[in-house]
Amino acid sequence: MSPPLQGIHLFNYRNFSQHFEDFHQYHTLFKGRNAVGKTNLLEAISFLCPGTGFRKDSMINFSNDNRKDDLTSIEYKFNHEQLTNLLRIELKKNDDRWSKQYLLNDKKIQQQHLLKIFQLFWFTEADKVFFIKDIQYQRNTINRIACYFEPSLFQQLNRYTKLRREKKKILQTTKELSWLQSLDKQLLELGEKIIKSKIQFLSQFSNFLGAENDNFFQFDIIPSLGLSRKEEFMNKFEQNLKDENQWPQDHKLRSENDPLKSIFEITHQNKTLGRLSSAQSKLLILSFLLQCAKFLNQNKITIFLIDEIFDNFDMINIEKVIQYCAENKFQTFFSTTDNFVLQGAIKDLEIKEIT
(Lines of atoms letter the chains of each structure in order from A and count residues from 1; the text may use other names and numbers.)
(Lines give C-alpha, C1' and ligand atoms only; values in the text may rest on other atoms or scores of the structure.)
Protein backbone atom coordinates (compact mmCIF):
# COMPACT_ATOMS: atom_id res chain seq x y z
CA MET A 1 0.00 0.00 0.00
CA SER A 2 1.43 3.38 -1.05
CA PRO A 3 1.97 6.06 1.61
CA PRO A 4 -0.09 9.30 1.43
CA LEU A 5 2.91 11.60 0.82
CA GLN A 6 4.39 10.15 -2.37
CA GLY A 7 7.02 12.67 -3.38
CA ILE A 8 8.72 15.99 -2.73
CA HIS A 9 10.51 18.30 -5.18
CA LEU A 10 12.81 21.05 -3.88
CA PHE A 11 13.89 23.97 -6.03
CA ASN A 12 16.52 26.44 -4.78
CA TYR A 13 15.97 25.23 -1.21
CA ARG A 14 18.83 25.35 1.33
CA ASN A 15 21.77 23.32 -0.11
CA PHE A 16 19.66 21.91 -2.98
CA SER A 17 19.47 23.59 -6.38
CA GLN A 18 17.00 20.92 -7.48
CA HIS A 19 16.21 17.73 -5.64
CA PHE A 20 13.45 15.15 -5.97
CA GLU A 21 12.54 12.25 -3.68
CA ASP A 22 9.68 9.81 -4.17
CA PHE A 23 8.37 7.63 -1.35
CA HIS A 24 7.18 4.05 -1.75
CA GLN A 25 7.00 2.91 1.87
CA TYR A 26 5.33 4.28 4.99
CA HIS A 27 8.73 4.64 6.71
CA THR A 28 11.68 6.44 5.12
CA LEU A 29 15.21 6.75 6.51
CA PHE A 30 17.44 9.47 5.06
CA LYS A 31 21.03 8.33 5.51
CA GLY A 32 24.24 10.19 4.69
CA ARG A 33 27.24 12.13 5.91
CA ASN A 34 26.94 15.30 7.97
CA ALA A 35 25.90 18.45 6.09
CA VAL A 36 24.49 16.70 2.99
CA GLY A 37 20.90 17.91 3.62
CA LYS A 38 19.16 15.14 5.58
CA THR A 39 17.73 17.57 8.13
CA ASN A 40 16.89 20.02 5.33
CA LEU A 41 14.68 17.34 3.73
CA LEU A 42 12.87 16.76 7.02
CA GLU A 43 12.47 20.51 7.43
CA ALA A 44 10.99 20.83 3.93
CA ILE A 45 8.41 18.15 4.78
CA SER A 46 7.54 20.05 7.99
CA PHE A 47 6.36 22.98 5.81
CA LEU A 48 3.14 20.96 5.51
CA CYS A 49 2.35 22.53 8.88
CA PRO A 50 1.54 26.29 8.76
CA GLY A 51 4.66 28.35 9.40
CA THR A 52 8.25 28.07 8.21
CA GLY A 53 9.23 24.55 9.20
CA PHE A 54 10.51 23.15 12.47
CA ARG A 55 13.57 25.41 12.56
CA LYS A 56 11.28 28.48 12.51
CA ASP A 57 13.83 30.23 10.32
CA SER A 58 13.41 33.53 8.51
CA MET A 59 12.24 33.20 4.91
CA ILE A 60 15.36 34.97 3.67
CA ASN A 61 17.47 31.97 4.75
CA PHE A 62 15.79 29.18 2.76
CA SER A 63 17.08 29.96 -0.72
CA ASN A 64 20.37 28.51 -1.93
CA ASP A 65 23.39 30.65 -1.05
CA ASN A 66 24.24 31.10 -4.74
CA ARG A 67 20.72 32.24 -5.70
CA LYS A 68 19.52 34.28 -2.73
CA ASP A 69 17.01 36.42 -4.62
CA ASP A 70 15.52 33.64 -6.77
CA LEU A 71 12.21 31.88 -6.19
CA THR A 72 12.32 29.01 -3.69
CA SER A 73 9.68 26.32 -3.99
CA ILE A 74 8.65 22.99 -2.49
CA GLU A 75 6.24 20.68 -4.30
CA TYR A 76 4.46 17.76 -2.67
CA LYS A 77 2.58 14.94 -4.38
CA PHE A 78 0.10 13.31 -2.03
CA ASN A 79 -3.09 11.27 -1.88
CA HIS A 80 -5.99 12.48 0.22
CA GLU A 81 -9.56 11.22 0.22
CA GLN A 82 -8.73 8.89 -2.70
CA LEU A 83 -7.51 11.76 -4.89
CA THR A 84 -3.99 12.60 -6.07
CA ASN A 85 -3.04 16.20 -5.26
CA LEU A 86 -0.16 18.56 -5.90
CA LEU A 87 0.73 21.22 -3.35
CA ARG A 88 3.26 23.91 -4.19
CA ILE A 89 4.71 26.33 -1.63
CA GLU A 90 6.57 29.31 -3.05
CA LEU A 91 8.85 31.68 -1.18
CA LYS A 92 9.73 34.76 -3.17
CA LYS A 93 11.15 38.23 -2.76
CA ASN A 94 9.23 41.29 -3.92
CA ASP A 95 10.48 44.82 -3.23
CA ASP A 96 12.86 43.66 -0.49
CA ARG A 97 10.08 41.72 1.25
CA TRP A 98 9.66 37.96 1.33
CA SER A 99 6.26 36.34 0.94
CA LYS A 100 4.89 32.81 1.00
CA GLN A 101 2.24 31.44 -1.35
CA TYR A 102 0.35 28.13 -1.25
CA LEU A 103 -1.08 26.53 -4.40
CA LEU A 104 -3.16 23.36 -4.09
CA ASN A 105 -3.79 21.86 -7.54
CA ASP A 106 -2.94 25.32 -8.99
CA LYS A 107 -5.47 27.15 -6.79
CA LYS A 108 -4.34 29.60 -4.12
CA ILE A 109 -5.13 28.61 -0.55
CA GLN A 110 -4.44 30.08 2.89
CA GLN A 111 -1.85 28.28 4.99
CA GLN A 112 -4.44 27.34 7.63
CA HIS A 113 -6.09 25.14 4.98
CA LEU A 114 -3.21 22.71 5.56
CA LEU A 115 -4.69 21.96 9.01
CA LYS A 116 -7.64 20.27 7.28
CA ILE A 117 -5.34 17.84 5.45
CA PHE A 118 -2.11 17.32 7.40
CA GLN A 119 -0.90 17.06 10.96
CA LEU A 120 2.85 17.12 11.48
CA PHE A 121 4.82 16.04 14.53
CA TRP A 122 8.59 16.28 14.85
CA PHE A 123 11.35 15.47 17.29
CA THR A 124 14.92 16.75 17.07
CA GLU A 125 17.69 17.20 19.60
CA ALA A 126 16.96 20.94 19.57
CA ASP A 127 13.28 20.24 20.23
CA LYS A 128 14.16 18.24 23.33
CA VAL A 129 16.35 21.03 24.71
CA PHE A 130 13.88 23.84 23.93
CA PHE A 131 10.85 21.86 25.10
CA ILE A 132 12.48 21.49 28.53
CA LYS A 133 14.18 24.87 28.93
CA ASP A 134 12.00 27.28 26.95
CA ILE A 135 8.40 27.56 28.19
CA GLN A 136 7.47 29.61 25.12
CA TYR A 137 8.64 26.79 22.83
CA GLN A 138 6.58 24.32 24.87
CA ARG A 139 3.54 26.62 24.65
CA ASN A 140 3.92 27.00 20.89
CA THR A 141 4.14 23.22 20.43
CA ILE A 142 1.00 22.53 22.47
CA ASN A 143 -0.88 25.40 20.81
CA ARG A 144 0.03 23.98 17.38
CA ILE A 145 -1.24 20.53 18.37
CA ALA A 146 -4.47 22.04 19.74
CA CYS A 147 -4.92 23.71 16.32
CA TYR A 148 -4.90 20.25 14.70
CA PHE A 149 -7.83 19.42 16.99
CA GLU A 150 -9.67 22.68 16.26
CA PRO A 151 -8.36 24.42 13.09
CA SER A 152 -10.29 27.65 13.86
CA LEU A 153 -8.01 28.09 16.89
CA PHE A 154 -5.17 28.93 14.49
CA GLN A 155 -6.92 32.10 13.30
CA GLN A 156 -8.05 32.95 16.83
CA LEU A 157 -4.49 32.83 18.15
CA ASN A 158 -3.20 34.92 15.23
CA ARG A 159 -5.95 37.51 15.72
CA TYR A 160 -5.33 37.60 19.46
CA THR A 161 -1.59 38.17 18.91
CA LYS A 162 -2.29 41.07 16.51
CA LEU A 163 -4.69 42.71 18.99
CA ARG A 164 -2.15 42.39 21.81
CA ARG A 165 0.49 43.97 19.57
CA GLU A 166 -1.87 46.82 18.69
CA LYS A 167 -2.68 47.44 22.35
CA LYS A 168 1.00 47.54 23.26
CA LYS A 169 1.59 50.26 20.66
CA ILE A 170 -1.27 52.38 22.03
CA LEU A 171 0.00 51.98 25.60
CA GLN A 172 3.37 53.25 24.41
CA THR A 173 1.93 56.24 22.51
CA THR A 174 -1.50 57.88 22.87
CA LYS A 175 -2.87 55.80 25.78
CA GLU A 176 -6.36 56.62 24.44
CA LEU A 177 -8.67 54.92 26.98
CA SER A 178 -11.69 54.42 24.70
CA TRP A 179 -9.47 52.74 22.12
CA LEU A 180 -7.87 50.53 24.78
CA GLN A 181 -11.28 49.52 26.13
CA SER A 182 -12.47 48.64 22.62
CA LEU A 183 -9.45 46.38 22.18
CA ASP A 184 -10.01 44.83 25.62
CA LYS A 185 -13.58 43.94 24.66
CA GLN A 186 -12.31 42.12 21.56
CA LEU A 187 -9.54 40.44 23.54
CA LEU A 188 -12.00 39.16 26.16
CA GLU A 189 -14.34 37.71 23.54
CA LEU A 190 -11.46 36.12 21.66
CA GLY A 191 -9.77 34.95 24.85
CA GLU A 192 -12.88 33.08 25.93
CA LYS A 193 -13.09 31.31 22.56
CA ILE A 194 -9.42 30.33 22.80
CA ILE A 195 -9.83 28.95 26.32
CA LYS A 196 -12.98 27.02 25.34
CA SER A 197 -11.15 25.39 22.40
CA LYS A 198 -8.20 24.44 24.60
CA ILE A 199 -10.43 23.05 27.35
CA GLN A 200 -12.31 20.95 24.81
CA PHE A 201 -9.02 19.65 23.39
CA LEU A 202 -7.66 18.79 26.85
CA SER A 203 -10.92 17.16 27.97
CA GLN A 204 -11.16 14.85 24.95
CA PHE A 205 -7.42 14.11 24.95
CA SER A 206 -7.58 13.21 28.67
CA ASN A 207 -10.54 10.90 28.03
CA PHE A 208 -8.57 9.27 25.22
CA LEU A 209 -5.55 8.73 27.49
CA GLY A 210 -7.77 7.27 30.19
CA ALA A 211 -9.02 4.61 27.79
CA GLU A 212 -5.64 4.04 26.11
CA ASN A 213 -3.69 0.97 27.22
CA ASP A 214 -0.81 1.23 24.75
CA ASN A 215 1.07 4.09 26.40
CA PHE A 216 4.55 4.32 24.89
CA PHE A 217 5.95 5.99 28.04
CA GLN A 218 3.63 6.86 30.92
CA PHE A 219 2.94 10.55 31.55
CA ASP A 220 0.47 12.75 33.40
CA ILE A 221 -1.05 16.12 32.48
CA ILE A 222 -1.20 19.07 34.87
CA PRO A 223 -3.55 21.76 33.47
CA SER A 224 -2.95 25.47 33.95
CA LEU A 225 -5.43 27.75 35.71
CA GLY A 226 -7.18 28.63 32.44
CA LEU A 227 -7.82 24.98 31.60
CA SER A 228 -8.90 23.94 35.11
CA ARG A 229 -10.84 26.94 36.51
CA LYS A 230 -12.13 28.93 33.54
CA GLU A 231 -14.30 31.51 35.36
CA GLU A 232 -11.57 32.44 37.81
CA PHE A 233 -9.11 32.67 34.94
CA MET A 234 -11.35 34.94 32.84
CA ASN A 235 -11.94 37.27 35.81
CA LYS A 236 -8.19 37.60 36.34
CA PHE A 237 -7.64 38.10 32.61
CA GLU A 238 -10.19 40.93 32.54
CA GLN A 239 -8.70 42.59 35.63
CA ASN A 240 -5.18 42.34 34.18
CA LEU A 241 -6.34 44.09 31.02
CA LYS A 242 -7.85 46.94 33.08
CA ASP A 243 -4.72 47.24 35.21
CA GLU A 244 -2.62 47.55 32.06
CA ASN A 245 -4.69 50.55 30.99
CA GLN A 246 -4.43 52.28 34.35
CA TRP A 247 -0.78 51.54 35.15
CA PRO A 248 0.91 50.60 31.83
CA GLN A 249 4.43 50.85 33.27
CA ASP A 250 3.84 48.72 36.35
CA HIS A 251 1.20 46.18 35.31
CA LYS A 252 1.73 43.72 32.48
CA LEU A 253 -0.54 40.83 31.52
CA ARG A 254 0.68 37.91 33.61
CA SER A 255 1.52 34.71 31.74
CA GLU A 256 -0.73 32.59 33.95
CA ASN A 257 -3.67 34.89 33.05
CA ASP A 258 -3.02 35.00 29.30
CA PRO A 259 -5.21 32.77 27.03
CA LEU A 260 -2.40 32.50 24.48
CA LYS A 261 -0.02 31.12 27.12
CA SER A 262 -2.51 28.96 28.97
CA ILE A 263 -1.51 25.32 28.35
CA PHE A 264 -0.68 22.28 30.48
CA GLU A 265 2.43 20.56 31.80
CA ILE A 266 3.43 16.94 31.20
CA THR A 267 5.11 14.97 34.01
CA HIS A 268 6.34 11.43 34.68
CA GLN A 269 5.84 9.94 38.15
CA ASN A 270 5.34 13.45 39.59
CA LYS A 271 8.59 14.67 38.06
CA THR A 272 8.71 17.57 35.61
CA LEU A 273 10.77 17.36 32.43
CA GLY A 274 13.63 19.28 33.99
CA ARG A 275 13.97 16.73 36.79
CA LEU A 276 14.15 13.67 34.52
CA SER A 277 17.25 12.12 32.99
CA SER A 278 18.05 12.93 29.37
CA ALA A 279 16.81 9.51 28.22
CA GLN A 280 13.59 9.79 30.25
CA SER A 281 12.82 13.32 29.05
CA LYS A 282 13.26 12.26 25.40
CA LEU A 283 10.89 9.33 25.89
CA LEU A 284 8.38 11.52 27.73
CA ILE A 285 8.27 14.15 24.96
CA LEU A 286 8.14 11.48 22.25
CA SER A 287 5.38 9.57 24.05
CA PHE A 288 3.33 12.77 24.40
CA LEU A 289 3.71 13.54 20.68
CA LEU A 290 2.89 9.97 19.64
CA GLN A 291 -0.23 9.89 21.80
CA CYS A 292 -1.36 13.26 20.44
CA ALA A 293 -0.84 11.96 16.91
CA LYS A 294 -2.92 8.84 17.61
CA PHE A 295 -5.68 10.87 19.31
CA LEU A 296 -5.90 13.28 16.39
CA ASN A 297 -5.48 10.72 13.61
CA GLN A 298 -8.89 11.05 11.93
CA ASN A 299 -9.30 11.61 8.19
CA LYS A 300 -6.00 13.49 7.99
CA ILE A 301 -2.50 12.64 6.83
CA THR A 302 -0.37 12.18 9.94
CA ILE A 303 3.39 12.55 9.46
CA PHE A 304 6.07 12.00 12.10
CA LEU A 305 9.63 13.33 11.68
CA ILE A 306 12.61 12.34 13.87
CA ASP A 307 16.03 13.83 13.15
CA GLU A 308 19.14 11.75 13.97
CA ILE A 309 16.95 9.02 15.41
CA PHE A 310 19.82 6.66 16.27
CA ASP A 311 21.56 9.38 18.30
CA ASN A 312 18.47 9.94 20.41
CA PHE A 313 17.05 6.44 20.98
CA ASP A 314 18.32 2.89 21.37
CA MET A 315 17.30 0.16 18.93
CA ILE A 316 14.60 -1.27 21.19
CA ASN A 317 12.80 2.07 21.43
CA ILE A 318 13.32 2.78 17.72
CA GLU A 319 11.56 -0.47 16.87
CA LYS A 320 8.76 0.42 19.31
CA VAL A 321 8.36 3.85 17.68
CA ILE A 322 8.18 2.39 14.16
CA GLN A 323 5.76 -0.33 15.29
CA TYR A 324 3.53 2.27 17.01
CA CYS A 325 3.55 4.48 13.90
CA ALA A 326 2.81 1.49 11.65
CA GLU A 327 -0.11 0.32 13.78
CA ASN A 328 -1.65 3.80 13.64
CA LYS A 329 -0.84 4.39 9.94
CA PHE A 330 1.46 7.38 10.51
CA GLN A 331 3.88 8.12 7.70
CA THR A 332 7.34 8.54 9.21
CA PHE A 333 10.63 10.08 8.13
CA PHE A 334 13.90 9.63 10.01
CA SER A 335 17.48 10.72 9.47
CA THR A 336 20.83 9.28 10.52
CA THR A 337 24.52 9.70 9.71
CA ASP A 338 25.98 7.10 7.36
CA ASN A 339 28.29 5.57 9.97
CA PHE A 340 25.32 3.71 11.49
CA VAL A 341 24.74 0.12 10.40
CA LEU A 342 21.11 -0.94 10.68
CA GLN A 343 20.85 -4.17 12.65
CA GLY A 344 18.20 -6.47 11.19
CA ALA A 345 15.31 -5.60 8.93
CA ILE A 346 12.48 -3.24 9.77
CA LYS A 347 9.31 -3.90 7.81
CA ASP A 348 8.19 -1.27 5.28
CA LEU A 349 11.32 0.83 5.80
CA GLU A 350 12.89 2.48 2.74
CA ILE A 351 16.50 3.67 3.15
CA LYS A 352 17.53 6.61 0.97
CA GLU A 353 21.17 7.59 0.60
CA ILE A 354 21.58 11.39 0.54
CA THR A 355 24.82 12.53 -1.06
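Sequential numbering of the sequence shown, starting at -18, is according to the working numbering.
Even for Gly, the Cβ is constructed at its ideal location relative to N, Cα and C.
Everything numeric in this text was worked out from a predicted model, so none of it was measured.
Fully enclosed alpha helix (DSSP H) runs of no fewer than 4 residues occupy 19 to 27 of the stretch -7 to 41, in order along the chain.
Taking 3 residues as the minimum length, the beta strand (DSSP E) runs contained wholly in the stretch 82 to 150 are 88 to 90 and 99 to 104, in order along the chain. Sixteen is the threshold: since fewer than 16 other Cβ atoms of the shown chains lie within 10 Å of the Cβ of E212, the residue is exposed. Assigned with DSSP and collapsed to three states, N280 falls in coil, not helix or strand. Across the structure, L286 and S27 are spaced so that their CA atoms are roughly 8 Å apart. Distances from the CA of K109 to each of Q312, V302, G255 and T318 were compared; the closest alpha carbon is that of G255. Secondary structure of L(-9) (DSSP, three-state): strand. The continuous stretches of beta strand (DSSP E) do not include S159, which lies in the alpha helix (DSSP H) extending over residues L158 to A192. When C-alpha distances from K49 are compared across L23, W79 and G34, the shortest belongs to W79. The C-alpha of K156 is placed about 48 Å away from the C-alpha of L264. With 16 or more neighbouring CB atoms inside 10 Å of its own CB, T317 falls in the buried class.
The beta-carbon distance between F214 and I176, rounded to whole angstroms, is 7 Å. This is short enough to meet the 8 Å contact definition. Beta bridge pairing from DSSP links R78 with N75. Rounded to whole angstroms, H232 and N226 show a C-alpha spacing of 9 Å.
If you draw a 10 Å sphere on the C-beta of T9, you find 16 or more other C-beta atoms in it, and that means buried. Excluding sequence positions up to five before and after S236, its CB lies within less than 6 Å of the CB of K242, all in the same chain and listed in chain order.
In this structure, the CA atom of N47 is about 40 Å from the CA atom of E62. As summarised for the stretch 186 to 248, the continuous beta strand (DSSP E) elements at least 3 residues long and confined to that stretch are 201 to 204, given in chain order.
Secondary structure at E62: coil, using DSSP grouped into helix, strand and coil. Here Q(-13) is not near T283, since their CB atoms are 8 Å or more apart.
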